[in-house]
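Protein chains in written order, with this note's numbering: chain A, 1 to 166; chain B, 1 to 109. Ideal Cβ positions, reconstructed from N, Cα and C, are used throughout, including at glycine. So the structure is just underneath, and the comments pick up after that.
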Amino acid sequence: MGITQILFWFLTALALGSALMVVLSKNPVYSVLFLIVAFFAISGHYILLNAQFLAIVNIIVYAGAIMVLFLFVIMLMNLNAEMNLQGNKLMRFAGFIAGLCLFLVLVAALKDAGTKKQMVQMGTGDIGLIKNLGMTLFREYVVPFEISSVLFLSAMIGAVVIGKKE
Amino acid sequence: MPVNYYIFVSIALFCIGVVGVLTRRNAIIVFMCIELMLNAVNLLLVAFSKMHHLMNIARDASAGIDGQLFVFFIMVVAAAEVSVGLAIIVMMYRNTHSVDINFLNRLKH
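This is the structure:
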């Protein structure tokens, strides 16, 4: 078992465990912190796959910007006090069963799919480097890139209009 | 690693997100579980892009680069979505003094 496999299983266990803790923890602040751990584990997966640009962007955008926004909102609304938002037992049980059924169906459908012998290129390959991604982004995907700037502008205006008082 | 492992890891992460959306009633935690589902999809897209690259590396040196660009665009859309969604949650908290999503059933009546 090489170092790559050990790292793969470690990052997988870290991501799944912290994702479970996001759902299970009572305090929303702990949920945000565990979600940051999960994002770092997923960034580690990207580094294992040699997708370096996405690993850095995942840390900067998700763990840096989005999670700070979440923490800011939670602190602003003083939600870190214990709140009784658990709902009734039957609905929680039904939700858990529904998620478990989705998991079982997807695993059963993809267990014998034709991808069994397909390997993933680990640690090498240069398509994840910022140079190649930037070349493709600004040659073939330049129109979606510009449209996404319009999307950001409209999201910013929408957030300001919704969030301002009266 | 075989791509099957990545498929099962992503399915597990996605289903944890689905369970969180279905069972929790705090709107902010529901939002975080949606982010978790988006990240599961991103991980699977990157794994498939590297699988495609390994299969077609002889024909095309940049095969599979589109998958990683799609992940980039998903992150862009997720950032815009979170900013608007958190603004809506703040507005809702200002009006009802709660972030319980069961108070949001007024559109039904």
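| request: Could you tell me which chain A residues have their CB closer than 9 Å to the CB of residue 13/B, listed as they occur along the chain? | output: Under the 9 Å cutoff, chain A gives 15, 16, 19, 38 and 42.
| field | Nonlocal neighbours in the same chain, by C-beta distance under 8 Å from residue 85/B, ignoring five residues either side | value | Excluding sequence neighbours, residue 85/B sits near 31.
| Can you give the Cα-Cα distance for residue 28/A and residue 117/A, rounded to whole angstroms? | When only Cα atoms are considered, residue 28/A and residue 117/A end up about 41 Å apart.
| query | So which residues of chain B does residue 163/A contact, with C-beta pairs closer than 8 Å? | reply | Neighbours of residue 163/A on chain B, chain order: 87, 90 and 91.
| query | Since residue 58/B meets chain A, which of its residues come closer than 9 Å, beta carbon to beta carbon? | reply | At a beta-carbon threshold of 9 Å, none of the residues of chain A lie near residue 58/B; the nearest stands roughly 13 Å away.
| field | C-beta neighbour in chain B for residue 143/A, strict 8 Å | value | No, its Cβ sits nowhere closer than 8 Å to a Cβ of chain B.
| field | Best match in 121/A, 68/A and 35/A for proximity to residue 48/A [C-alpha to C-alpha] | value | The alpha carbon of residue 48/A has as its nearest neighbour, out of 121/A, 68/A and 35/A, the alpha carbon of 121/A.
| task | Using a Cβ cut-off of 8 Å, pull out every chain B residue sitting near residue 56/A, in sequence order please. | result | Under the 8 Å cutoff, chain B gives no residues; its nearest Cβ is about 11 Å from residue 56/A.
| request: Would you check if the region 52-59 of chain B and the region 9-19 of chain B touch, i.e. whether three or more CB-CB distances between them fall below 8 Å? | output: By the Cβ rule, the region 9-19 of chain B does not count as touching the region 52-59 of chain B, because fewer than three pairs are nearer than 8 Å.
| field | alpha helix (DSSP H) runs wholly inside the region 34-66 of chain A, at least 4 long, in chain order | value | Listed in chain order, they are 52-57.
| message | Could you tell me the alpha carbon to alpha carbon distance between residue 110/A and residue 164/A, rounded to whole angstroms? | response | Distance between the alpha carbons of residue 110/A and residue 164/A: 47 Å.
| Just checking my contact of residue 79/B with residue 68/A at CB under 8 Å: how many whole Å lie between their CB atoms? | With 8 Å as the limit, residue 79/B and residue 68/A do not qualify as a contact, their Cβ atoms being about 12 Å apart.
| request: Have a look at 44/B, 100/B, 77/B and 73/B and flag the residue whose alpha-carbon is nearest the alpha-carbon of residue 210/A. | output: Past the edges of chain A, shown from 1 to 166, lies residue 210/A, and the structure says nothing about it.
| CA nearest to the CA of residue 158/A, picked from 33/B, 36/B, 87/B and 100/B | By alpha-carbon distance to residue 158/A, the top candidate from 33/B, 36/B, 87/B and 100/B is 87/B.
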